[in-house]
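Start counting the sequence shown at 1; every next residue gets the next number (the UniProt record's numbering). Here's the structure we're looking at; comments come further down.
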Amino acid sequence: MKKILVSGGAGYIGSHTVRALSEVGYGPVVLDSLITGHREAVPGNIPFYLGNIADEDLVSDIIMKEKVSAVIHFAARSLVGESVQKPDLYFEENTAKTHRFVSTVLQCGVNNIVFSSTAATYGNPEKVPIPEESKTEPINPYGASKLMIEQSFYWLEQAYGLKWIALRYFNAAGAALDGSLGEDHATETHLIPLVLKTALGQREAISIFGTDYDTLDGTCIRDYIHVLDLAEAHIRALEALEQGVPCGAYNVGTGTGYSVREVIAMARRVTGIDIPVLEAPRREGDPDSLVAKVGKIQKILGWQARYSDLETIIKSAWQWHQKHPHGYGI
Ligand code: UFG
């Protein structure tokens, strides 16, 4: 059984990927600091190490003891707004610590890494759908912190033979179909969980940030990708690295965008609740429209979204929120 070290395996996307890895016969090993992750999101039979990715002794001990053959690296801070307030935190936690982590991984003789990147590397796109070869000019430190890692990987590849795939996620959403794993952030900023928390009566209304965008209904358009499809993309990327595909960045999205109003309308339909809405000013830094061009990942990794229609995304998330109205541990 191939052992895969999953950093951040107790987080939202990490925990779904850990489950998917087990299901297809890999042996995931989780390293998580539990600063934002949840111990409950990782089953008891999966090896779990509490600690930091920059702890070189811990990381090399895990790799040796567990005989790790590849790494999927999720562990990171991921709040765009926080990154603008505290850029130093993001360059330390995301960029610097990842660099130390990857250096240790390489020193231990493990060369294959799948990395959790973001559409935030593009900034305000020149054209939509966004192809991977678009210019990368992040408009916040979060995107910059991830882009710097991608760039460092290129040079580590040239010098030491690092084999890497960076998956640039669009808007991760949804939950395990049985409602057993889902999104639980101490500070929730994302649209779908906030809409559903409003449906549960935990918030008075969902604010629509901006109704005067240059889109059909005036609200922002995003490409929502089901977390199960994201998990599958990591497995395809691992397999592709083993087969020697060229290293690089791949978009993970559906190629279809939905507006904020369309998301709210679907949430009303799925929940049967007339979710109250408040029209609010634009949120700083939100581009009109972010939709992935997905030909590259389909062609080279053979990946296709299976669960990412808006209804399945919102139904699965609604199951999770109903079963766990206050997240894990409740
Ligand atoms: N929105 C609202 N009301 C809310 C929350 C969000 O109207 O209460 C809107 C936003 O303005 C945006 C859309 O819903 O237009 C989606 O917002 P999210 O916060 O859910 O997601 P973002 O598109 O801002 O963020 C995503 C990823 C980030 C990534 C970013 C790239 O979650 O990790 O795309 O721009 F960095």
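Where a beta carbon is used, it is the ideal one built from N, C-alpha and C, also for glycine. Source: prediction; values computed, not measured.
Go through its chain and collect everything with a Cβ distance to residue i's Cβ below 7 Å, but skip five positions before and after it.
i      : result
Ala199 : Ala267, Thr271, Ile273, Ile275
Leu191 : Val260, Val263
Pro131 : Lys293
Leu177 : Ser316
Report yes if the CB atom of residue i is closer than 8 Å to the CB atom of residue j, and no otherwise.
i      : j      : result
Ala76  : Asn94  : yes
Leu21  : Ile235 : yes
Val102 : Asn140 : no
Ala175 : Trp320 : yes
Asp288 : Asp217 : no
Asp223 : Gly248 : no
Val252 : Ile225 : yes
Ile53  : Lys97  : yes
Asp229 : Arg168 : no
Val42  : Gly8   : no
Ile72  : Leu31  : no
Ser78  : Tyr142 : yes
His16  : Ala186 : no
Phe153 : Leu290 : no
Val24  : Ile46  : no
Lys323 : Gly179 : yes
Using only the alpha-carbon positions, how far apart do residue i and residue j sit?
i           : j      : result
Phe209      : Met64  : 49 Å
Asp55       : Leu34  : 15 Å
residue 374 : His99  : What the structure shows of the chain is the stretch from 1 to 330, and residue 374 is not part of that stretch, so it cannot be assessed.
Pro28       : Leu50  : 15 Å
Glu157      : Lys163 : 6 Å
residue 369 : Leu238 : Since the first residue shown for the chain is 1 and the last is 330, residue 369 is missing from the structure and cannot be characterised.
residue 353 : Phe91  : The structure shown does not extend to residue 353, since the chain is modelled only from 1 to 330, so the question has no answer here.
Val114      : Ala159 : 18 Å
Lys254      : Asp88  : Checking the sequence, you will find Thr at residue 254 rather than Lys. Their Cα atoms are separated by approximately 33 Å.
Val116      : Gly11  : Looking at the sequence provided, one finds Ser at residue 116 rather than Val. Between Ser116 and Gly11, the C-alpha separation is close to 12 Å.
Tyr26       : Lys2   : 5 Å
Ser134      : Glu66  : 39 Å
Thr219      : Asn111 : 43 Å
Thr312      : Val227 : 11 Å
Glu242      : Gly14  : 20 Å
Leu106      : Ala265 : 48 Å
Gly244      : Gly285 : 38 Å
Asp57       : Glu126 : 44 Å
Glu188      : Cys108 : 37 Å
His326      : Thr36  : 15 Å
Gln151      : Ser145 : 10 Å
Pro246      : Ala240 : 9 Å
Ile314      : Phe74  : 24 Å
Trp155      : Arg269 : 49 Å
Val128      : Asp212 : 19 Å
Gly44       : Arg282 : 43 Å
Gly161      : Ile149 : 16 Å
Glu204      : Glu82  : 24 Å
Gly295      : Phe48  : 36 Å
To which residues of the same chain is residue i closer than 6 Å at the C-beta, ignoring the five residues directly before and after it?
i           : result
Ser207      : Leu278, Ala280
residue 332 : Since the displayed the chain opens at 1 and closes at 330, residue 332 lies outside it and no answer follows.
Leu147      : Thr121, Thr136, Pro138
Gly123      : Glu137, Pro138, Ile139
Leu310      : Tyr258, Met266
Ser308      : Ile225, His226, Asp229, Thr254
What are the boundary residues of the alpha helix (DSSP H) that residue i is part of?
i      : result
Glu279 : Counting along the chain, Glu279 falls outside any alpha helix (DSSP H), though it belongs to the beta strand (DSSP E) covering 277 to 280.
His190 : Element bounds for His190: n/a, residue is neither H nor E.
Tyr224 : Premise fails: Tyr224 lies in the beta strand (DSSP E), 224 to 226, not in any alpha helix (DSSP H).
Ile314 : 310 to 323
Val245 : Premise fails: Val245 is in no alpha helix (DSSP H) and is neither H nor E.
Tyr12  : 12 to 23
Gly255 : Looking at the DSSP string, Gly255 is not in any alpha helix (DSSP H), and its letter there is neither H nor E.
Gly295 : 295 to 300
Tell me which residue opens and which closes the beta strand (DSSP E) that residue i is part of.
i      : result
Lys3   : 3 to 7
Gly248 : 248 to 252
Ile273 : From DSSP, Ile273 is part of no beta strand (DSSP E); its letter is neither H nor E.
Val114 : 112 to 118
If I measure Cβ to Cβ from residue i and keep anything under 8 Å in the same chain, skipping five residues before and after, which residues do I get?
i      : result
Ala317 : Ala173, Gly174, Ala175, Gly182, Glu183, Ile192, Pro193, Leu196
Ala233 : Leu167, Tyr250, Val252, Ile297, Leu301, Trp303
Gly329 : His38, Glu40
For residue i, verify whether its CB is less than 7 Å away from any heavy atom of ligand 2.
i      : result
Phe209 : With respect to ligand 2, the structure offers nothing, as its ligand set consists of ligand 1.
Please list the segments of the beta strand (DSSP E) lying wholly inside the segment 31 to 104, counting only runs of 3 or more residues, in order along the chain. If we require 3 residues or more, the beta strand (DSSP E) runs fully inside the segment 31 to 104 come out as 48 to 50, 68 to 73.
Going along the chain, which unbroken runs of the beta strand (DSSP E) with 3 or more residues stay wholly within the segment 128 to 207? Correct list: 163 to 169, 171 to 173.
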